[in-house]
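Just below is one structure, and these are the notes that go with it.
2 protein chains.
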Amino acid sequence: MDAEAIKRSLEGSGLRCTPQRYAVMAFLMEHNRHPTAAEIFEAVNRVDPRSSRATTYNNLRDLVQAGLVREVAVEGRAARFDAKGMRHHHFICDRCGNVEDIEWYDVPRPASGSLDKRILRECELIFRGLCAKCAPRRASRQLS
Amino acid sequence: MDAEAIKRSLEGSGLRCTPQRYAVMAFLMEHNRHPTAAEIFEAVNRVDPRSSRATTYNNLRDLVQAGLVREVAVEGRAARFDAKGMRHHHFICDRCGNVEDIEWYDVPRPASGSLDKRILRECELIFRGLCAKCAPRRASRQLS
DNA sequence: ATGTCACATTAGATATAGTCTAATTTTTTA
DNA sequence: TAAAAAATTAGACTATATCTAATGTGACAT
Numbered sequence: 001m002d003a004e005a006i007k008r009s010l011e012g013s014g015l016r017c018t019p020q021r022y023a024v025m026a027f028l029m030e031h032n033r034h035p036t037a038a039e040i041f042e043a044v045n046r047v048d049p050r051s052s053r054a055t056t057y058n059n060l061r062d063l064v065q066a067g068l069v070r071e072v073a074v075e076g077r078a079a080r081f082d083a084k085g086m087r088h089h090h091f092i093c094d095r096c097g098n099v100e101d102i103e104w105y106d107v108p109r110p111a112s113g114s115l116d117k118r119i120l121r122e123c124e125l126i127f128r129g130l131c132a133k134c135a136p137r138r139a140s141r142q143l144s
Numbered sequence: 001m002d003a004e005a006i007k008r009s010l011e012g013s014g015l016r017c018t019p020q021r022y023a024v025m026a027f028l029m030e031h032n033r034h035p036t037a038a039e040i041f042e043a044v045n046r047v048d049p050r051s052s053r054a055t056t057y058n059n060l061r062d063l064v065q066a067g068l069v070r071e072v073a074v075e076g077r078a079a080r081f082d083a084k085g086m087r088h089h090h091f092i093c094d095r096c097g098n099v100e101d102i103e104w105y106d107v108p109r110p111a112s113g114s115l116d117k118r119i120l121r122e123c124e125l126i127f128r129g130l131c132a133k134c135a136p137r138r139a140s141r142q143l144s
């Protein structure tokens, strides 16, 4: 992992590279499994220096605002986060709620008339269904 | 509002048409403003018969499972619901969190290779930016 | 008609996810 | 080095949603 690159991307977005903030960003760049805030909190606290829960949430908010991290809301479950590396779409499993990346492809914008007076910032494509782990066992209760 | 049609669509999905469930469905069909569960709870309790909070949530879950209602998760805010009438996409306002319908148009599916072993049920296009109310006043703090 | 059973509803307790507060620590700037 | 600004912290707090166990309701077989 390129520590300098992470530092530069934080500072390029106007964020100080504190140990706690760095740890969150580094964890998200190393893992593309779309962890929840609680998972990130736990993960960064397995290594020093320690980070409080509030700081983890603060830093996630800062990173999302800076455009370095994406937050994915999942119905009935905790939000998930991923570093915005390569562009991609998301697949959300109906059964286990896991979020997975889908190779990016271009999406047609809506007709400008239907956007009316709204200002469009981005558009996001979300696929739903059963992930590879859940697909073969439709009837089971498994949640991981 | 066609009460019989609502009754038929509930029963066609294997759901009994109870007064509370009917009230939730009717409210969603009459209002396309994507209310939260709390708003629906309050609305259906402005008319008799009364419905408890748990029942409102239960019925929303049942309606979503039956495919009659869609739940839209919004980051950092309560989930929103709408009756699946005509197909449409969604626009979510960055500032106020309101969800609005965008005229539907067809979206290209991912290459089957990138879906791998997943089973695709639906794909959903979400636009983000500023709604017509929030767009002109970027700097203000307004939340409605 | 009546008993039975599955389904639905209820109030309130509980769980989960995330935010806020006020004090402290760290970093930057003067 | 002093002062100001930014970040972190523990834990209280809020919002959202689910669960529990008791009660009510409607369907239907007898």
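Residue numbers (the numbering used here), protein chains in the order written: chain L, 1 to 144; chain Z, 1 to 144.
C-beta atoms are modelled at their ideal positions from N, C-alpha and C, and glycine is treated no differently.
In this text the structure is predicted, and so the values were computed from the model without any measurement.
Give me the chain L residues within the contact set of residue i, using Cβ-Cβ distance strictly less than 9 Å, ordered along the chain.
| i | result |
| --- | --- |
| residue 69 of chain Z | By Cβ distance, chain L contributes nothing, its closest Cβ being about 12 Å from residue 69 of chain Z, past 9 Å. |
| residue 49 of chain Z | Under the 9 Å cutoff, chain L gives no residues; its nearest Cβ is about 27 Å from residue 49 of chain Z. |
| residue 107 of chain Z | 107, 108 and 125 |
| residue 79 of chain Z | 73, 75 and 76 |
Given residue i, which residues of its chain have a CB within under 8 Å of its CB, disregarding the five upstream and five downstream residues?
| i | result |
| --- | --- |
| residue 56 of chain L | 20, 24, 37, 40, 41 and 44 |
| residue 86 of chain L | 104 |
| residue 64 of chain L | 70, 71 and 81 |
| residue 131 of chain Z | 91, 93, 95, 96, 98 and 100 |
| residue 58 of chain L | none |
| residue 29 of chain L | 1, 6, 83 and 85 |
| residue 53 of chain Z | 41 |
| residue 46 of chain L | none |
Could you round the C-beta distance between residue i and residue j to whole angstroms and report it? I think they count as a contact, below 8 Å.
| i | j | result |
| --- | --- | --- |
| residue 66 of chain L | residue 13 of chain L | 4 Å |
| residue 106 of chain Z | residue 34 of chain Z | At roughly 22 Å, the Cβ-Cβ gap does not stay under 8 Å, so residue 106 of chain Z and residue 34 of chain Z are not in contact. |
| residue 135 of chain L | residue 118 of chain Z | 6 Å |
| residue 94 of chain L | residue 121 of chain Z | 7 Å |
| residue 126 of chain L | residue 89 of chain L | 7 Å |
| residue 68 of chain Z | residue 84 of chain Z | 6 Å |
So, at 7 Å on beta carbons, what are the nonlocal neighbours of residue i in its own chain, with the 5 sequence-adjacent residues on each side left out?
| i | result |
| --- | --- |
| residue 80 of chain Z | 34, 35, 36, 72, 74 and 99 |
| residue 17 of chain L | 7, 10 and 11 |
| residue 97 of chain L | 74 and 77 |
| residue 124 of chain L | none |
| residue 15 of chain L | 21, 62 and 66 |
| residue 32 of chain L | 82 and 101 |
| residue 128 of chain Z | 92 and 94 |
| residue 112 of chain L | none |
Residue i touches chain Z at which residues, Cβ-Cβ below 8 Å?
| i | result |
| --- | --- |
| residue 129 of chain L | 118, 119, 120, 121 and 122 |
| residue 132 of chain L | 116, 117 and 118 |
| residue 135 of chain L | 117, 118 and 119 |
Which bits of chain Z does residue i rub up against, with CB to CB less than 7 Å?
| i | result |
| --- | --- |
| residue 94 of chain L | 121 |
In this structure, how does DSSP classify residue i when only helix, strand and coil are distinguished?
| i | result |
| --- | --- |
| residue 13 of chain Z | coil |
| residue 32 of chain L | coil |
| residue 49 of chain L | coil |
| residue 5 of chain L | helix |
| residue 20 of chain L | helix |
Which residues of chain Z have a Cβ atom closer than 9 Å to the Cβ of residue i, listed in chain order?
| i | result |
| --- | --- |
| residue 43 of chain L | Here the premise fails: no neighbours, minimum Cβ distance about 21 Å. |
Run down chain L in chain order and give the residues with a C-beta less than 7 Å from the C-beta of residue i.
| i | result |
| --- | --- |
| residue 91 of chain Z | 118 |
Could you work out which residues of chain L lie near residue i, taking near to mean beta carbons separated by less than 8 Å?
| i | result |
| --- | --- |
| residue 103 of chain Z | 110, 111 and 114 |
I'd like the list of long-range same chain contacts for residue i, defined as Cβ closer than 6 Å, with 5 residues on each side in sequence excluded.
| i | result |
| --- | --- |
| residue 49 of chain Z | 19 |
| residue 108 of chain L | none |
| residue 133 of chain Z | none |
I want to check one thing, is the minimum distance from the CB of residue i to the heavy atoms of the ligand SAH below 6 Å?
| i | result |
| --- | --- |
| residue 13 of chain L | Here there are no bound small molecules, and the ligand SAH is not part of this structure. |
Ranges of the beta strand (DSSP E) found wholly within the region 55-141 of chain Z, counting only runs of at least 3: For the region 55-141 of chain Z, whole beta strand (DSSP E) runs of length 3 or above, ordered along the chain, are 69-72, 80-83, 88-93, 99-103 and 119-130.
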